[in-house]
Each structure stands twice: as structure tokens, then as C-alpha cells.
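Asker: Sharing a structure, written as C-alpha cells. Questions coming.
2 protein chains.
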Amino acid sequence: MKIGVLGTGAVGTAINSKLIELGHQVMIGSRDNTNEKAIEFVDKFDSNASSGTFEEAASFGEIIFNCIKGEFAVAVLKSVENSIQNKILIDISIPVDTSKGAPLSLIPELCNTNSLGEEIQKNLPDTKVVKTLNTMWSTLMTAPGTLKNGDHTNFICGNDDEAKATVKSLLNEIGWKDETILDLGDIVGSRGTEATVLLWLRIWGATIGTFSLKVVN
Amino acid sequence: MKIGVLGTGAVGTAINSKLIELGHQVMIGSRDNTNEKAIEFVDKFDSNASSGTFEEAASFGEIIFNCIKGEFAVAVLKSVENSIQNKILIDISIPVDTSKGAPLSLIPELCNTNSLGEEIQKNLPDTKVVKTLNTMWSTLMTAPGTLKNGDHTNFICGNDDEAKATVKSLLNEIGWKDETILDLGDIVGSRGTEATVLLWLRIWGATIGTFSLKVVN
């Protein structure tokens, strides 16, 4: 499948590497097409990897991953709106407020009674936004089996059931077993999964090594 | 031990019943001492149970449980400040904003960059506030073993290490094994555990029966 991955940080890189390993064609999108991280990354892989602007990657992909920093996500996605119309946008970003110091918090207007996932969906009504993979270490997103044989939970939410089914298949490919993927309903579920970062940061401070959350029932 | 439990809802009732079962002397505190739920409750038990006003229960207890609705908690606790000075206050409440409809959200000034746990600690500087038991069904708080033999996580946080050690012992008595209690550091950790209600509500909507969260590592 042709996939556009927007963002060249730790999350984008983890996603890109896995998708290429699985045989997908990936274009990495960044602010301009001279992004060093993107070029370095493409150089490491075969012809399945390419890089371009956000716009080029958005046009290239049948499915788009949003791995852009939360604070820039809406503006960037709005700028490529036409290229991702009617496509699935897998949103992994978290609206962390980097304007404030520690302890990290969420952007006030994107938490509690709103979320980044919802804000993106509102701004791009013709795109199928599916929020997932945003409650765990980036190293676990594409390798869940490296922790307790994958026995932990990945949440998914979004307004379009067909889009979620497609994303679930891709998650299966990546290594998430069906029974570890919990569908929280519509995109409003992002309020819960994005706010989990506040708990995540404290668990991170209190434990050693990789961890994840599991819904026990 | 003499324990004051403020609040007569589902949480207060679960806590009361367990503490009495364990042989503690419990006074249930409510707005006035004609509270029907409190009187009914006391009638069911032996002389280890009694009821009174918030003030009487706060004076009675060596340790106090806050099971008051989040929106009223600070005002009630401030009104009994002198009676809980230098005591441990175990805070279980969540600052749910009941003034808005569904989906439920947190009181804006008590989330993200603040929390109810912190707000109580700021208002009662001479009380040792320990936040715990606020991320699960009330039925699991005092009976963790009824779900997967207790293999799920209870978070604890607070500024006073000695107070947390005392509360951990009480949690052990209630049924929480040491390895299931995760200390998230100071009271600022409440931001994470209180915000978990946003995720909790969505998991509740997506699953059947009792569930809980477990930190897998």
C-alpha cells in the first residue's frame, strides 16, 4: 500500500521503518524536502522509501499517518486538506503544550472538553480520522510483542467504522493482535486516550524501562 | 484504628463496609447527622459503625477518607480543616463537572495544570493528602481480588512519604498486594490519575462488566 507519513520525529521514524519492513511504499513528509532526517532515512532503505513535502506525502499516500507534533498538527493538516480528502488519517499525535515547563500539560483548548483528534476531524470533515497508538512508547507502537508478548492494550477511536476496520488490519500487520485492540467508539474517545499522557508521564517517572497499559477484564 | 469516612455515596459505602469488616471503628460523616443513608448503614452494623456530621467524623478519625463528590470536596474539607490538621486524608474523589451534560468532563480549573488532590493539599497545608483508589470501579477499591486475582494497578501519590507508607499498609489490609500499588510521587500525580476518568468512561462504554487498568512492565 502507498502510505504517507507526516513527521520525522521518533514516532514517524518508528512507523516508517515498520511499514517499509512490511513491504509498503512509504513517503515521508516534512516541512520542506531538504529535511535531513528524512533524507538520511530514505538513504538507509531501498526504493520503497522516499521523502517529500507534507503536501507530496499527503498526495502520495492512500493512507496518511499524522506523526506531527501536536501543536502544529491542525495547521499542517489543514494546509494539505485537499490531498487527504476521503482518505484515512491515522492520528498518533498528542497535543502537548510545549510553551509551558515541567510538568508537561496538554494545550488547554485541546483537552477535557475537546481533543486534538476531534479538532482535526472538525477541521477536515471529509477525511476519516482514526486515533490510535498514542498511549505508549514509540518503540512499542510497531513492536508490541517486545513487551510481555504483546499482552497490553492499544486503543482506537474514530467516527467511520469502515476506516477503523482498515486501520485494525494495518495494526494486525504491525503486530497488534485483535484482542489487544480496544475500540472506544467515535473520535471523542481521543479525550481519554490523549489525556492518558498525564498518567503516562508519571508512570514513566516511577518505573524503570518500557511499560504499557492493559485493560484487565 | 478510628477512621472517619466523609461521604455516603457508593464509594463511601464500599470503604465503610470493608473497614468495619476489618475491625476498624468507623464514623460516617455527612452534611447533617440526619442523613438517611448513613443511619441505615450504621443500623446494619455493630457498634464499630457510627454516623455524624462531617465535622464529627473528621474529629473522630485518626485517618480520614474523602469520598465527597469532587465539586463539593474542597469547601467541605476547608470547613473541617482544624479537625484534620496533621492527619492523613485519603482522597478518592474525582472532580467531575456535573454542570455539563454528556460526555462527562472534569472541572476546568481542576484538570491538566491542576487537580483536586493538589487543590485540597493547597487549601489544607497541614493535612497529609494521599490520593489513591480513584481509577477503578468502587466495587474493586475494597475487593481488588475479585478481578483477575487482583492483578491490576492501584496508583498512589502524595507529598508525605510516611503518610503514603501508612496508607499502603491500609491498602494491603484491604486486599491490594504491594506489587499492585504504584507510587507516582508527589500529589501532582493526581493530574494523571484523575484525568484517567476520561479514558475510564470510554472503556466503560466499550466493554462489558468490571474492568481495571494494569501497568504492564
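For the record, the sequence lines run as chains A and B. Counting with our numbering, you get residues 1025 to 1241 for the letters of the first sequence. Counting with our numbering, you get residues 1025 to 1241 for the letters of the second sequence. Note that beta-carbon positions come from the ideal geometry of N, C-alpha and C, so glycine has one too. Keep in mind the model is a prediction, meaning the values are calculated, not measured.
If distances are taken between C-alpha atoms only, which option among E1045/B, G1233/B and R1215/B comes closest to I1144/B?
Answerer: Taking each of E1045/B, G1233/B and R1215/B in turn and checking the Cα distance to I1144/B, the smallest one comes out for R1215/B.
Asker: So, for V1191/B: in the same chain, excluding its five sequence neighbours on each side, which residues have a beta-carbon less than 7 Å away from its beta-carbon?
Answerer: I1112, I1114, V1154, T1156 and I1180
Asker: What residue does the alpha helix (DSSP H) around I1039/B start on, and which one ends it?
Answerer: A1034 to E1045
Asker: If I'm right that V1050/B touches V1029/B with Cβ under 8 Å, what's the distance once you round it to whole angstroms?
Answerer: 6 Å
Asker: Relative to the C-alpha of I1088/B, which residue among N1057/B, I1116/B, D1056/B and N1158/B is closest?
Answerer: Looking at the Cα atoms, I1116/B is the closest of the given residues.
Asker: Report, in whole angstroms, the separation of the C-beta atoms of I1198/A and T1166/A, which I expect to be a contact under 8 Å.
Answerer: 5 Å
Asker: Could you list which residues in chain A have their beta carbon closer than 7 Å to that of G1229/B, in chain order?
Answerer: Against chain A, a Cβ distance below 7 Å from G1229/B picks out G1209.
Asker: Just the C-alpha distance for V1240/B and S1074/A, rounded to the nearest angstrom, thanks.
Answerer: Within the model, the alpha-carbon separation for V1240/B versus S1074/A is close to 36 Å.
Asker: Using the Cα positions of L1148/A and S1103/A, report the straight-line distance between them to the nearest angstrom.
Answerer: 10 Å
Asker: What does DSSP give as the partner residues of T1077/A in its beta bridges?
Answerer: S1054/A
Asker: Could you say which of I1044/A, P1119/A, D1202/A and L1130/A lies nearest to N1072/A if we only look at CA atoms?
Answerer: I1044/A
Asker: Rounded to whole angstroms, what is the Cα-Cα separation between T1234/B and I1118/B?
Answerer: One C-alpha to the other measures close to 19 Å.
Asker: Please classify Q1109/B: does DSSP put it in a helix, a strand, or coil?
Answerer: coil
Asker: Just how far apart, CA to CA, sit S1001/A and M1025/B?
Answerer: Residue numbering for chain A in the displayed model covers 1025 to 1241; residue 1001/A lies beyond these limits and cannot be assessed.
Asker: Is F1096/A buried or exposed, if buried means 16 or more other CB atoms sit within 10 Å of its CB?
Answerer: Under the 10 Å beta carbon count, F1096/A is surrounded by fewer than 16 other beta carbons and is classified as exposed.
Asker: Using only CA atoms, which one of S1041/A, G1031/A and D1185/A lies nearest to K1152/A?
Answerer: D1185/A
Asker: Kindly indicate which three-state DSSP category K1026/B falls into: helix, strand or coil?
Answerer: strand
Asker: How is the beta strand (DSSP E) around G1182/B delimited, first residue to last?
Answerer: N1178 to G1182
Asker: How many Å lie between G1125/A and L1237/B at the Cα?
Answerer: Inter-residue distance for G1125/A and L1237/B is about 29 Å (C-alpha atoms, whole angstroms).
Asker: Name the DSSP beta bridge partners of N1090/A, please?
Answerer: Answer is L1030/A and D1115/A.
Asker: For T1177/A, I'd like the list of residues in its chain whose CB is within less than 7 Å of its CB, leaving aside the five on either flank, ordered along the chain.
Answerer: T1204, L1206, L1237, K1238 and V1239
Asker: Going by beta carbon distance, what residues of the same chain come within less than 8 Å of N1183/B, once the five residues before and after it are set aside?
Answerer: Q1145, K1152, V1153, D1210 and I1211
Asker: Quick one: using the 10 Å Cβ neighbour count with 16 as the cut-off for buried, is K1068/A buried or exposed?
Answerer: exposed
Asker: Mind listing the chain B neighbours of G1213/A? Cutoff is C-beta to C-beta under 7 Å, in chain order.
Answerer: What G1213/A touches in chain B: R1226.
Asker: In chain order, what residues of the same chain have a beta carbon less than 8 Å from the beta carbon of I1048/A, not counting five sequence neighbours either side?
Answerer: Here residue 1048/A is His; the residue named in the question, Ile, does not match the sequence. Cβ neighbours of H1048/A beyond the five flanking positions: M1025, K1026, I1027 and N1072.
Asker: Output the distance between the C-alpha atoms of S1083/A and S1162/B, rounded to the nearest integer angstrom.
Answerer: Cα to Cα, S1083/A sits roughly 50 Å from S1162/B.
Asker: Do you know how far the Cα of E1079/B is from the Cα of G1174/A?
Answerer: 50 Å
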